[in-house]
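In what follows, a structure is listed as structure tokens, so that the remarks can point back to it.
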Amino acid sequence: MSKTKNFAVVLSAVVLVCCGALILGQKVNAAGEGKITGTVKLDGTAPHMKGIDMGKDPFCSKAHATDPGKMETYVVGSGGGLENVVLYITEGLTGPAASQTATTEPVFDQKNCMYTPHVLALDVDQKFKVTTSDQTTHNIHPLPNPMTGNIPWNQSQPPGAAPVEKSWKAPEVIPVQCNIHPWMHGWFVVVKGPYATSDSNGAYTINNVPPGSYTVTAWHEAAGTQTQKVTVAAGGSGSANFTFKAK
Amino acid sequence: MATTVHEPPKHDLERLPSQGSGNGGWRNLVPADGDLPRVKDHAPPPASTGIWVGLAAITMTFAAFTSALVVRQGAAPDWQHITLPSILYFNTLLIIASSVTLEISRRRVAAFMGGIKDRAANPARWLYITLALGVLFVAGQTFAWVQLKSQGFGLATNVSYSFFYVLTVAHALHLLGGLGGLVRVIAKLHNSVLRRSTLDATSRYWHFMGVLWVYLLFLLWMKL
Amino acid sequence: MAKIFAVVIILIAIASAVPIVMHWWPMPQDISVHGTLIDEQYADTMLEAGISFLASQFLLAFFIWKFSAPKPGERVKNFPGGAAGLVAAAFLLVGTEVLALGVFGTKAWASVYLTPPAANAMPVQVQAGQFAFYFRYPGPDGKFGPLHADQISEANANFFGLDTTHDQDSKDDIVAAELAIPVNREIHLLMHSKDVGHSFYVPELRIQQDFVPGLDVTVHFTATKIGKYEIVCTQLCGLGHYNMKAYLEVKSQEDYDAWIKQQAALQ
Amino acid sequence: MHDMSAHAVPHGAPTSFIRKHVFSLDHKVIGKQYYALALLAALIGMALSWIMRIHLGWGSFAIPGLHLLSSTGAPGNVLTPEYYLQLMTMHGTIMVFFVLTTAPFAAFGNFFLPIQTGAEDMPFPHFNMMSFWVTFVGFWVLIASFFVADGPTLGGWTQYAPLSAIGSVGGPGQGLGVVLWATSIAIFCVGQLFGSLNFITTTLDMRCKGMSLMRLPLTAWGWFITSVMGLTAFAVLMPACILLILDHVAGTSFFVASNLVINDQVLPHSGGSTLLWQHLFWFFGHPEVYIAIVPGMGIVSHVLITNMRKPMLSHRVLIYSMAALAVLSYMVYGHHMFVSGMNPISSLVFSFPTLVITIPSTIVVLMWLGSLYGSKLRINSASLFALGFVSMFISGGVSGFFLAQPSIDIMLHATYFVVGHFHLVMGVAAMFGIFAGTYFWFPKMTGRMMNETLGKAHFILSFIGAYCIFMPFHYLGIAGNVRRYQAFTDDYLIPLIPVHKFITVAALVTGFAQLIFVYNLIHSRFKGAIASDNPWQGTSLEWSTATPPPHNNFGDKMPVVYHDPYQYSVEGASADFIMQTSPEKINSPNEEK
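Written as structure tokens, this is what we have:
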């Protein structure tokens, strides 16, 4: 009888220790996480972006009375930095870093009849909010490929309506548009694992990357995709710069 | 086969059996002064009026399909010529034959009810033959669909095929209704509760299905 | 109750007629050449319909007032002339009325739909799609390039699906989101639908015509007054139907020339 | 299946609750079931119209609890554009099919046609029962679309292709919503075909001794003509719905043209005809307008005659006019398509019969007015609604002058003028016919009288209210106010919004007046005064039998008819009315010479 009891105690202890080690190991791992940084540039002169005639909606045309809206396919900053490029890891991710879901809840706002941001990168299953800052009704119509498992939806948001909260099930590049304002186009870029979006100078930082060697992919809605191999040391950072050619 | 035919007593005995029962006039032969004895009650049994009404509705439905076919053919140049499966012509023979057998059966029942008993031999046998021919027709149509499908011609392959399937399936569904009617007539005959109006209505429906099929075949042959 | 009811009928009939009779509620102003015929036809119809409406409502009210309180022992009377008289009146009065309307109305209809556009009419193509109109001008070569449905891209502002790299005719085509036209010049509008049914309606222009997917329809008209008017969609086309609109800008020839030059530069 | 015979008693009186009240073969029970279904549908349809009207008047007003209906369709209790259109489509479909077709035709017709013809029941009671239950299923299939993922379809009750045929890329509700809609309507068609089959056969074959066709009351004629129209119209709509469903589920291309692009994607369909749907739909759609109104004409004539104590100037002229309307209704359907890209010559060809159809309509109105002259008019709820019907029919009819002409239709097509026109002539007028029938026949159907004071209050509020709603619609249309807009953002429409606010208030008040009727109906059903067999001193067969009628309508003895239906105020007669069953000899009867 007592032998059995002893065995049970020892077993529990072993289990506890193992679990502790696992948890600690995670922490150690997290402490050693690095990052990938770099810039994305556009080679050559930026293509001319067509202006948008918002005349059919009085609210929109008023909002853009001084600053006429234009297409956002190529947004190029000073020094040729390319904005709205999504950078994410396509190869080399293992373990928890690959399966973890980002917990932040990004916002996709409809402001002055444009999407802010124009490109929203998301983790699989990451929750996000669609909000409106406009005094006109918008319609949010993402167009995923139903074969991926992402379910298309199409709903409108009158002024002052509560945010629409959603998430996507599978990695996919999903165009989104407003049916009421046909010029409004944006993107949900759903990826697995850590990601980043380039800012107005083309700079980006992918955080929470465990040490290892990876393939980083840069995606742009018109210029296409590029990949580079990057190695990240424990607690250090890797670097990858991309240069796109305008199409 | 021990089948007897029972007909409820009729008011107008002078009517000939071969005329069936659909030849009655209306009940509106009423003198304005309300002189009732002169009123002749010639209302036909509702089944024989009802069947014409039903056939009118079916005619409208297929007329709508036909005009849809004509309009759609003229709307775009994507109309394809298709070769009808040759079993359809065999099926046509089946359905014509079934009309003949049903008519034989109907006449035998009518003769029996008219009192000419010696010609009433086994009306049920001819009904069974009609039923079998009808089932064969549906089987033949099914064969045609399966054959086309196996050749890769589905409902959405081309609008010609769409119309082919829609028209033939719609006809087959209506024909299944006729088969149900035949089964019912046979059951009633066995239970000796068959009315002649029921048999007449069923046989009109059946003949109409035959005529409709010949029309559809002609339409499909000409247009597809 | 009967008398209250009779008075209510009279009041409603008068109230309904007042805005029309007093010209408080006219149709939108007419800026087209053919619109005069439509407006005349409308006025004639309004006169005849208005008289029929008022006469029958008054008669109904009067009969209700008069015959709802019969004295005891009173006998029923028959309408003088009886059924035959009324049927004859219906055939004669209404028959000639509707025949006249039909015959004269044909003239107005013919001026819009049964006359071909003039040889020098200016062609403009309008494309309707969920939920916007776009307009295409043929440019200096006077030719519209072909449309390629598979190249339509709203994201890249290629609304018509033009292939400017390969199609010579498309290179100088001018695409705009508003319809600017010179005043007093006949316009031949070529109507094309990108997706579902839509309609082109400009009340001031007295034009309404559906877009038929798969079938290109045309209308022609001449605008006579400079100004900015609204083009709206009148055929239910989806959730943004209420917001599907564009502007019609009728400009002087000089203004139009300047505008088209400016648009050409923007392409 | 039931034996197709009628000379014997069709069926014995049922004993179990289910056979008595649920799956009953009795035409009277089926008529009441249809009435209950129509009442439920009308309340739903009216509630939908309230939501729409509030939204049109005060676009940002939050209707408490609306998000419970659809959290995506009404976030924060305010309608989204798509949900407005979805509710609008459901309002139209429910009202046209499940109220205006079922109540005056299927409900009253079922209850009274066999009684007025002197029959014990319809000839095919099983078909009759199926007719109701099939319609019932169709109704719930339609309602079910409220609860599917994208909600009901937004395509309008006319469901113009290709919007209705391209699937969910067309917008919310255009996928499953349309399939449910088309399924529901196809089922409904089957139900009405069964019903028409029974109605026609009853009228032709089931009349009692002495009941010639011309001795049928005008109500029976109305139902008979309607059933002939229903038989042909619904038999065309059903195949159209089947083709529409196939475009959805099987990928066929009946209605979707080639090279349509949505969201920058070319649709996989090719070659379909957009106008084909419109032809098929309006071939049904225009007769449908008369299917809704002709039974009302019959009911109104019947109620008026009884309350005027004199027959119509001519029985035959009214019958011929109704028949002419029915025949012409098939030749005019193209007037719905004047600006839809149809050949402009066809527009003219369709325009003339459309103008000609005003002649029989005018004759009917003149018959009513002319008969009113010199009558001894009784004012009660039933006769008030009948007179209201006449007024509405005139008002809705004259606007038809405008829409019949293609040249004016260019201006008024798809505006509120059209909405006002058909709401007056088909909606309100038909509803008034239903109300007239209800107040008139309620005693016979339930054995109790309705409350007259409430009835009159209901009438005067409805009458003024309906004009306050629908007359301004015409003005909006003249100003170019486009229909089916959920908000008015165009510069020239913004000044019209105060008119919309006025209409909204009128609609809410009129709607509440209908609740008086519902209360009256339910209260009188249980607490109303007991009705006699013939409370209005009527002459037709429904007043010869007990109140409420026994299971086989006439008890032991089948009626025998001696007179034309409306022997009121006959000179030298013993009373001011002589029933059709009375063998009394009349020296100069009110009959056709």
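Chains as they are written, first to last, in our numbering: chain C, 1 to 247; chain E, 248 to 471; chain V, 472 to 738; chain F, 739 to 1331.
A virtual CB, placed ideally from N, CA and C, is assigned to each residue, including glycine.
{"Asked": "Inter-residue spacing [alpha-carbon to alpha-carbon] between residue 234 of chain C and residue 86 of chain C", "Found": "24 Å"}
{"Asked": "Close beta carbons around residue 562 of chain V, own chain, < 6 Å, minus the five adjacent residues each side", "Found": "none"}
{"Asked": "Length of the line joining the Cα atoms of residue 141 of chain C and residue 176 of chain C", "Found": "5 Å"}
{"Asked": "Range covered by the alpha helix (DSSP H) that runs through residue 188 of chain C", "Found": "Note, residue 188 of chain C: premise wrong, no alpha helix (DSSP H); beta strand (DSSP E) at 185–191."}
{"Asked": "7 Å Cβ shell around residue 474 of chain V - same chain, five flanking residues per side excluded", "Found": "536"}
{"Asked": "Residue span of the alpha helix (DSSP H) that contains residue 828 of chain F, given as start and end", "Found": "819–831"}
{"Asked": "Buried versus exposed call for residue 280 of chain E [16 or more other C-beta atoms within 10 Å across all chains shown]", "Found": "At residue 280 of chain E the pLDDT is 47, less than 50, meaning the model places this residue with poor confidence; the figure from the coordinates comes in the next sentence. With fewer than 16 other Cβ atoms within 10 Å, it is exposed."}
{"Asked": "Residues bridged to residue 219 of chain C (per DSSP)", "Found": "C:86 and C:225"}
{"Asked": "Proximal chain V residues relative to residue 50 of chain C, where beta-carbon distance stays under 8 Å", "Found": "628 and 737"}
{"Asked": "Proximity test, Cβ basis, 9 Å: residue 816 of chain F and chain C", "Found": "yes"}
{"Asked": "9 Å Cβ cutoff met for residue 1070 of chain F and residue 1024 of chain F", "Found": "yes"}
{"Asked": "Residue from V:714, V:539, V:688 and V:677 whose Cα sits closest to the Cα of residue 602 of chain V", "Found": "V:714"}
{"Asked": "Cα-Cα separation, residue 1075 of chain F to residue 396 of chain E", "Found": "38 Å"}
{"Asked": "DSSP-derived helix/strand/coil call for residue 1147 of chain F", "Found": "helix"}
{"Asked": "Residues from the segment 986–1002 of chain F in contact with chain C, defined by Cβ distance under 7 Å", "Found": "1001"}
{"Asked": "Simplified DSSP assignment, three categories, for residue 257 of chain E", "Found": "The predicted model places residue 257 of chain E with a pLDDT of 39, which falls under 50 and marks its position as unreliable; any figure quoted below should be read in that light. Coil."}
{"Asked": "Alpha-carbon to alpha-carbon, residue 454 of chain E and residue 341 of chain E", "Found": "12 Å"}
{"Asked": "Beta strand (DSSP E) segment containing residue 237 of chain C, residue limits", "Found": "237–239"}
{"Asked": "Distance between residue 916 of chain F and residue 388 of chain E (C-alpha atoms, nearest Å)", "Found": "31 Å"}
{"Asked": "Inter-residue CB distance, residue 1036 of chain F and residue 1107 of chain F (contact presumed, cutoff 8 Å)", "Found": "In fact, because the Cβ distance is near 17 Å, the residues do not count as touching under 8 Å."}
{"Asked": "Residue environment, residue 219 of chain C, which counts as buried when at least 16 other CB atoms sit within 10 Å", "Found": "buried"}
{"Asked": "With 16 other Cβ atoms within 10 Å as the buried cut-off, status of residue 513 of chain V", "Found": "buried"}
{"Asked": "Status (buried if at least 16 other CB within 10 Å, exposed otherwise) for residue 493 of chain V", "Found": "exposed"}
{"Asked": "For residue 647 of chain V, the residue or residues it bridges with in DSSP", "Found": "V:606"}
{"Asked": "Min CB distance residue 458 of chain E to chain F below 9 Å", "Found": "no"}
{"Asked": "6 Å Cβ shell around residue 968 of chain F - same chain, five flanking residues per side excluded", "Found": "930, 934 and 1029"}
{"Asked": "Cβ neighbours of residue 833 of chain F in the same chain (closer than 6 Å, five flanking residues each side left out)", "Found": "783"}
{"Asked": "Neighbour flag for residue 439 of chain E against chain F, beta carbons, 9 Å", "Found": "no"}
{"Asked": "Distance CB(residue 734 of chain V)-CB(residue 608 of chain V) smaller than 9 Å", "Found": "yes"}
{"Asked": "Proximity winner among C:236, C:159, C:40 and C:120, relative to residue 172 of chain C (alpha-carbon distances)", "Found": "C:120"}
{"Asked": "Element boundaries [alpha helix (DSSP H), containing residue 593 of chain V]", "Found": "Residue 593 of chain V -> not in any alpha helix (DSSP H); beta strand (DSSP E) instead, spanning 593–600."}
{"Asked": "Helix, strand or coil at residue 305 of chain E [DSSP, three-state]", "Found": "helix"}
{"Asked": "Per DSSP, cross-strand counterpart(s) of residue 197 of chain C", "Found": "C:86"}
{"Asked": "Residue 181 of chain C beta carbon less than 9 Å from that of residue 71 of chain C", "Found": "no"}
{"Asked": "Three-pair Cβ contact test at 8 Å for the segment 1110–1124 of chain F versus the segment 477–497 of chain V", "Found": "no"}
{"Asked": "Within chain C, partners of residue 1242 of chain F - CB distance below 9 Å", "Found": "Simply none; closest approach about 18 Å."}
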